[in-house]
Amino acid sequence: MLTASCSPDQQTQDAPARDITPEEEELLETAGQILLRECMESHGFEYQIVSDKSAAEFEEFRYVIDDPSWAAEHGYGSRLQREAVELRENDPNQVYFAALSPERRAQALVAANGPSPVGLTATTPDGMELGRSDQGCQSQVDRELYGDLASWFQARTTVDALPPLRYQLVVDDQRYLEAARPWADCMRAAGHDYATPADIRAALPPPQDPLPRQEEVGLALAEARCALDSGLAQAAADLDEQHGRELSERHRSALETQRRLQLDALPRARSIVAGTERTTDPEHRE
1 MLTASCSPDQ QTQDAPARDI TPEEEELLET AGQILLRECM ESHGFEYQIV
51 SDKSAAEFEE FRYVIDDPSW AAEHGYGSRL QREAVELREN DPNQVYFAAL
101 SPERRAQALV AANGPSPVGL TATTPDGMEL GRSDQGCQSQ VDRELYGDLA
151 SWFQARTTVD ALPPLRYQLV VDDQRYLEAA RPWADCMRAA GHDYATPADI
201 RAALPPPQDP LPRQEEVGLA LAEARCALDS GLAQAAADLD EQHGRELSER
251 HRSALETQRR LQLDALPRAR SIVAGTERTT DPEHRE
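The opening residue of the sequence shown carries number 1 in full-length UniProt numbering; numbering runs sequentially from there.
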């Protein structure tokens, strides 16, 4: 009786690509910025490598604040949001770009993004078609790092659209709305009349003119305690996992393509970063 077998190499090729680690993601980001700096400098413009991790803390509470300790320290994060805005405003590349003359600013945009958004097309999960130039420094960077520019653009367009789609599926889910009712009862008993956490977000003043700190913290604490006591926090987490799993299955091809291209790009990224470190290390300068 004949039996078929797979070689280790074939099994590796057939296995799903793994997610990159946060450290690998940072490596790819750094390599991309190095390439972008080189390209922009070749067109006569400056570009500085920067790191922006300011939004990370807000992702934890997409549906409802469920950490009373965090709420007691940050309220709704108005101070953190102000700091994030300040960081963006003081970003050296934004400062440099704003100081350019209108003519040079237009030239910088063309250098970075290409002359017009044509050459690449991608379709979002909801059917919208997006266009982007296949010229300019950003496309040159993506092509050099990831190789297949068209596949990268389509995969990235799909994957980037999944988190907001996932959020909307959760908050529109009847099970979420049912779980929000006891949360609203708990909030009402604490003196806050809101049907959902989203209603609180909509009613909050802008971070530049926030509620008095005691009021902001008190409201956030009530939200967090009621989220835990009513079961809304657990319901939101369960629904987020379910809809996330279903979206990942539905868009498995795009996720696989992004992972594969990212993993293939890692050796190139390491070489780019290592080359820059050698040229900036005084011991390696001639």
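C-beta atoms are modelled at their ideal positions from N, C-alpha and C, and glycine is treated no differently. Fair warning: this is a prediction, and the values are worked out from it, not measured in the lab.
Arg132, enclosing beta strand (DSSP E) - first and last residue: 129-133
8 Å contact criterion, which Ala31 and Ala227 should meet: CB distance rounded: That belief does not hold up - the Cβ atoms of Ala31 and Ala227 are roughly 40 Å apart, past 8 Å.
Nearest neighbour of Ala111, chosen from Gln135, Leu28, Leu35 [CA to CA]: Gln135
Integer-rounded CB distance, given that Pro207 should sit under 8 Å from Gln81: 4 Å
Residues near Trp152 by beta carbon distance below 7 Å, same chain, minus five either side: Asp142, Tyr146, Leu261
DSSP-derived helix/strand/coil call for Gly114: coil
Touch test, the segment 148-162 against the segment 107-126, Cβ-Cβ under 8 Å, three pairs minimum: yes
C-alpha distance - Gln140 paired with Leu149, whole-angstrom precision: 9 Å
Exposure of Gln258, with buried meaning 16 or more beta-carbon neighbours within 10 Å: buried
Spatial distance of residue 344 from His251 (CA atoms): For the chain, the structure presents residues 1 to 286; residue 344 sits outside this window and is missing.
7 Å CB neighbourhood of Cys186 in its chain, flanking five on each side removed: Cys226, Asp229, Ser230
8 Å contact criterion, which residue 375 and His243 should meet: CB distance rounded: Any answer about residue 375 is impossible in this case: the structure gives the chain only from 1 up to 286.
Counted within 10 angstroms of its Cβ, other Cβ atoms place Val64 as buried (16 or more) or exposed: buried
Contact the segment 99-107 vs the segment 72-81: 3+ CB pairs below 8 Å: no
Beta-carbon gap between Tyr76 and Glu216 smaller than 8 Å: yes
Collapsed DSSP secondary structure at Gly275 in the structure displayed: helix
Per DSSP, the bridge partner or partners of Ala122: Leu130
Expected contact under 8 Å - CB spacing of Gln49 and Arg37 to nearest Å: Note that residue 49 is Ile in the sequence shown here, rather than Gln. Indeed, because the Cβ distance is near 6 Å, the residues count as touching under 8 Å.
Start-end ranges of the alpha helix (DSSP H) lying completely within the segment 201-281, minimum 4 residues: 213-230, 232-250, 252-280
Closest Cα partner of Ala235 within the set Glu277, Ala189, Trp183, Glu246: Trp183
Three-state secondary structure (DSSP) of Thr157: helix
Proximity of Pro117 and Arg132 at Cβ, strictly below 8 Å: yes
Status (buried if at least 16 other CB within 10 Å, exposed otherwise) for Asp193: exposed
Proximal residues to Leu219 (C-beta, below 8 Å), its chain only, five neighbours per side dropped: Gly75, Tyr76, His192, Ile200, Leu211
Per-residue burial, Ala72 [other beta carbons within 10 Å of its own, 16 or more giving buried]: exposed
Contacting residues, own chain, Cβ-Cβ under 6 Å from Glu46 (five flanking each side not counted): Tyr96
Pro68 vs Leu204 beta-carbon contact at 8 Å: no
Cα-Cα separation between Cys6 and Arg181, rounded to whole angstroms: For Cys6, the pLDDT reaches just 46, beneath the cut-off of 50, and the residue's location in the model is therefore unreliable, although a value from the coordinates is still provided. Taking the straight line from one Cα to the other gives about 54 Å.
Buried or exposed by the 16-neighbour rule on C-beta atoms within 10 Å, applied to Ala274: exposed
Tyr167 (DSSP reduced to helix, strand or coil): helix
Burial state of Arg166 (16 or more Cβ within 10 Å): buried
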